[in-house]
């Protein structure tokens with residue numbers, strides 16, 4: 561299915577956001593944000609509470625309509641047709657799971673919602689990827705917070721999304737869970753998926769990032785491409801603190 | 015600059031009916047596992063019947079005159095318990111966000127939710143009908159089939175408009191209070207003809223006398239189902 565053939569040129573970009581602005585009442589939560597991400601890129605988005613990171617993420621996923629501006633995903637404008645929504649995976653600190661259903665049932669439901677032909681096998685593969693297949697038949701309400709988060713990540717990745725939006729995905733994960741998530745995200749990047757990762761933890765964000773942005777008061781105030789050899793977390797943390805403390809004063 | 019590129023999307027949607035049935039199956043499975051709404055509705059139905067029975071002054075009012083009103087009061091209020099639960103399970107950990115971000119159409123999500131609610135209301139009705147019959151010592155007879163039929167017909171309208179208002183109120187702090195306040199006025203056009211048909215059938219009147227009320231009920235069903243399906247996607251837009 562080919563959608564939105566009149567879409568503006570995306571020069572092969574996975575995500576093209578232009579002039580995004582979102583107003584809640586009189587307050588601009590996001591203001592004049594434009595960004596382009598190629599397939600295989602991971603944008604780590606940092607910023608203090610209330611900076612507009614989650615609002616921006618929701619607009620990039622088509623869950624929230626921008627007051628102004630547009631988002632194109634692989635050339636298709638969001639919020640778009642069903643096929644466009646199929647390209648997106650959401651991970652948040654909310655697990656988005658049904659507590660009364662088992663881990664397996666939750667992931668199968670997600671796979672079926674995304675029209676996966678072999679939903680059962682896809683679900684088992686996703687649970688295995690997150691190292692939680694041994695708890696597949698356990699109701700989610702009986703799992704620890706960390707295991708619930710791993711099931712939630714399996715739910716988000718079960719349909720092999722092209723754009724994964726992650727809002728504080730490491731919340732509640734233990735070391736094994738965090739490693740499994742990082743490995744799953746690295747695998748996604750290697751097959752050309754695009755990631756947008758919102759987190760307060762600079763180390764985790766910078767480990768995967770191909771570029772890092774700092775957001776304050778609804779705007780991107782600084783964007784850095786990953787230098788050869790990767791970001792130096794300590795240096796970046798210092799930079800982040802100096803920017804956010806200037807704002808606090 | 016490389017040429018413009020629009021990636022071809024290979025996704026084929028499963029279809030409206032399959033999506034709706036999947037959502038309904040999921041909701042019913044959750045209710046079957048937890049039974050929280052059904053037990054509350056069942057207890058409400060039986061207790062209300064008992065209260066009506068023991069406040070009923072026998073000899074002054076015939077049970078055949080009182081029972082239709084009792085039945086529809088119970089159906090209306092016990093149904094609301096299930097309707098509220100319908101979106102409560104979605105919001106507990108924002109599962110609705112994942113469902114809304116999936117390729118399923120909003121209309122199929124509404125249809126699935128409404129189907130599950132219809133099954134719930136029918137189960138409560140199946141319990142309340144014999145309870146009212148027993149408590150009010152109503153005679154057995156063929157008319158019960160007619161009452162079952164009109165209950166199902168009315169349940170379609172109640173569930174359609176109730177599911178819509180459950181979605182509207184789900185994100186509010188006072189959802190439990192707002193849902194009945196908003197939904198009950200819209201239940202009236204369904205409940206009045208349904209109660210009239212029930213009364214006529216219980217009093218042994220010929221079926222022909224009920225036809226106009228049934229037509230009115232069917233008309234409201236069609237209007238409510240169509241309007242709610244069209245309006246539902248807007249209730250979840252942000």
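Chains as they are written, first to last, in our numbering: chain A, 561 to 809; chain B, 15 to 252. A virtual CB, placed ideally from N, CA and C, is assigned to each residue, including glycine.
For chain A, check one thing: does any of its Cβ atoms lie closer than 7 angstroms to the Cβ of residue i?
| i | result |
| --- | --- |
| residue 44 of chain B | yes |
| residue 48 of chain B | yes |
| residue 99 of chain B | no |
| residue 36 of chain B | yes |
| residue 55 of chain B | no |
| residue 235 of chain B | no |
| residue 28 of chain B | yes |
| residue 16 of chain B | Only weak support exists for where residue 16 of chain B lies, its pLDDT of 41 falling under 50; the coordinates are left without a value. |
| residue 128 of chain B | no |
| residue 111 of chain B | yes |
| residue 216 of chain B | no |
Using a C-beta to C-beta distance shorter than 8 angstroms, which residues of chain B count as neighbours of residue i?
| i | result |
| --- | --- |
| residue 621 of chain A | 115 |
Could you round the C-beta distance between residue i and residue j to whole angstroms and report it? I think they count as a contact, below 8 angstroms.
| i | j | result |
| --- | --- | --- |
| residue 781 of chain A | residue 803 of chain A | 6 angstroms |
| residue 138 of chain B | residue 55 of chain B | 5 angstroms |
| residue 599 of chain A | residue 651 of chain A | Actually they do not touch by this definition, with Cβ atoms about 19 angstroms apart. |
| residue 171 of chain B | residue 226 of chain B | Contact doesn't hold; Cβ gap of about 16 angstroms is too wide. |
| residue 211 of chain B | residue 123 of chain B | Not quite, the Cβ-Cβ distance comes to about 32 angstroms (not below 8 angstroms), so this is no contact. |
Using a C-beta to C-beta distance shorter than 9 angstroms, which residues of chain A count as neighbours of residue i?
| i | result |
| --- | --- |
| residue 103 of chain B | 658, 659, 660 |
| residue 229 of chain B | Neighbours of residue 229 of chain B on chain A: none; closest Cβ ~37 angstroms, over 9 angstroms. |
Determine the chain A residues that contact residue i at a beta-carbon separation under 7 angstroms, and present them in chain order.
| i | result |
| --- | --- |
| residue 106 of chain B | 659 |
Say whether chain B places a C-beta atom closer than 7 angstroms to the C-beta of residue i.
| i | result |
| --- | --- |
| residue 566 of chain A | At residue 566 of chain A the pLDDT is 38, less than 50, meaning the model places this residue with poor confidence; the figure from the coordinates comes in the next sentence. By this cut-off, residue 566 of chain A is not an interface position. |
| residue 580 of chain A | no |
What residues of chain A sit near residue i, judged by a beta carbon separation below 8 angstroms?
| i | result |
| --- | --- |
| residue 119 of chain B | 642 |
| Got a sec: which bits of the region 643-676 of chain A sit with their beta carbon under 8 angstroms from any beta carbon on chain B, in order along the chain? | So the close ones are 643, 644, 645, 646, 647, 648, 650, 652, 654, 655, 656, 657, 658, 659, 660, 661, 665, 669, 670, 672, 673, 674, 675.
| field | Any 3 or more C-beta pairs closer than 8 angstroms across the region 747-764 of chain A and the region 667-680 of chain A | value | Output reads no: the region 667-680 of chain A does not touch the region 747-764 of chain A.
| request: With 9 angstroms as the limit, tell me which residues of the region 138-155 of chain B have their beta carbon closer than that to any beta carbon of chain A; keep them in chain order. | output: Hits within the stretch: zero.
| task | Can you give me, in chain order, the residues of the region 715-735 of chain A that have a beta carbon less than 7 angstroms from any beta carbon in chain B? | result | Within the region 715-735 of chain A, the residues whose Cβ lies closer than 7 angstroms to some Cβ of chain B are 715, listed in chain order.
| said: Under 8 angstroms, with one C-beta from each stretch per pair, do the region 124-136 of chain B and the region 172-182 of chain B reach the 3-pair mark? | reply: Judged by Cβ distances under 8 angstroms, the region 124-136 of chain B makes contact with the region 172-182 of chain B, as three or more pairs qualify.
| task | Check distances from the C-beta atoms of the region 179-196 of chain B to those of chain A and list, in chain order, the residues that come in under 8 angstroms. | result | Residues: none.
| message | I want to know whether the region 72-83 of chain B touches the region 184-197 of chain B - three or more CB-CB distances under 8 angstroms. | response | Because the criterion of three Cβ pairs below 8 angstroms is not met, the region 72-83 of chain B and the region 184-197 of chain B do not touch.
| So, do the region 162-172 of chain B and the region 106-123 of chain B have three or more beta carbon pairs nearer to each other than 8 angstroms? | Result no; under three Cβ-Cβ pairs closer than 8 angstroms.
| task | Take every Cβ of the region 97-106 of chain B, pair it with every Cβ of the region 35-52 of chain B, and state whether three or more of those distances are shorter than 8 angstroms. | result | Contact holds: three or more Cβ-Cβ distances are below 8 angstroms.
| Quick one: any contact between the region 569-585 of chain A and the region 618-632 of chain A, if contact means 3 or more CB pairs under 8 angstroms? | Segments in contact, yes.
| request: Evaluate the contact criterion for the region 700-711 of chain A versus the region 725-742 of chain A: three or more CB pairs, one atom per stretch, below 8 angstroms. | output: Segments in contact, yes.
| With contact counted as at least three CB pairs below 8 angstroms, one residue from each stretch, are the region 664-671 of chain A and the region 712-728 of chain A in contact? | Short answer: they touch.
| Quick check: the region 589-597 of chain A against the region 642-657 of chain A, are there 3 or more CB pairs under 8 angstroms? | Output reads no: the region 642-657 of chain A does not touch the region 589-597 of chain A.
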